[in-house]
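Protein chains: 2
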Amino acid sequence: MRYFPGKFLYLPSDFLFEVRNMADLPIAAVVRIAKKNGAERVGSDAAEALVVKAEKYIAQLTKESNKLAEHAGRKTIKKEDVDLASKSN
Amino acid sequence: MRYFPGKFLYLPSDFLFEVRNMADLPIAAVVRIAKKNGAERVGSDAAEALVVKAEKYIAQLTKESNKLAEHAGRKTIKKEDVDLASKSN
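Chains W and A are the protein sequences, given in the same order. Taking this note's numbering, the leading residue of the first sequence gets 3, the next gets one more, and so forth. Taking this note's numbering, the leading residue of the second sequence gets 3, the next gets one more, and so forth.
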């Protein structure tokens, strides 16, 4: 196989699909929650924005919960950490 | 088929599994995000709490986004609605 410097590498479309879907939360699940909560139609850009923001929220809540677990001398996050963390969020 | 009043209805274990997993966000996805953000171990009760809180967050953000879309004369939620809604959250 030869390489062509300066040219784009050919990638199968599945790979691009993978890259586009690197988010951890499935878009379909987030849209389902949105529809249960009164959304009639959700644009695809809006769905992606909801996913990104939900992931950021989980990340922030986890970091706070982890701090609280460590503060209590644990390495395992318990429900009480999440509950307390969400109060201060 | 006869019914026995006062007795528990027999339900196949798949059904109970379904009931336990009525949440829309997959627990595994939420735990994956938590682990990417420094969580060493996440208790199963904590994982469930994270799912519940993430779903509430998405619900709240959707309701706010929907109001903004309607305010702009649209039935479709766009990214700009989600962005503005998350600012006021």
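For each residue, glycine too, the CB sits at the ideal point set by N, CA and C. Quick caveat, the model's predicted, so the values are computed rather than measured.
CB-CB length for residue i against residue j, believed under 8 Å
i: W/I29; j: W/E50; result: 7 Å
i: W/I99; j: A/V32; result: The question about residue 99 of chain W has no answer here: the residues shown for chain W are numbered 3 through 91.
i: A/R76; j: W/K77; result: Actually they do not touch by this definition, with Cβ atoms about 47 Å apart.
Backbone CA spacing between residue i and residue j [nearest angstrom]
i: A/E66; j: A/A87; result: 6 Å
i: W/A41; j: W/L63; result: 25 Å
i: W/V53; j: A/S46; result: 23 Å
i: A/N68; j: W/S90; result: 26 Å
i: A/D85; j: W/D85; result: 26 Å
i: A/F19; j: W/K81; result: Only weak support exists for where A/F19 lies, its pLDDT of 49 falling under 50; the coordinates are left without a value.
i: A/A74; j: W/E72; result: 46 Å
i: W/L70; j: A/K58; result: 22 Å
Under 9 Å between C-beta atoms of residue i and residue j
i: W/D83; j: A/A48; result: yes
Identity of the residue in the options nearest residue i by Cα
i: A/K38; options: W/D26, W/K37 and W/K89; result: W/D26
Self-check item: Residues, ordered as in the chain, of the stretch 50 to 66 of chain A that lie near chain W by beta-carbon distance below 7 Å
Solution: A51, L52, K55, A56, E57, Y59, I60, A61, L63, T64 and K65
Quiz item: If contact means a Cβ-Cβ distance below 8 Å, which residues of the stretch 64 to 84 of chain W contact chain A?
Solution: T64, K65, S67, N68, K77, T78, I79, K80, K81, D83 and V84
Self-check item: Contact set between the stretch 22 to 41 of chain W and chain A, restricted to residues whose Cβ is under 8 Å from the partner
Solution: D26, L27, P28, A31, V32, R34, I35, A36, K38, N39, G40 and A41
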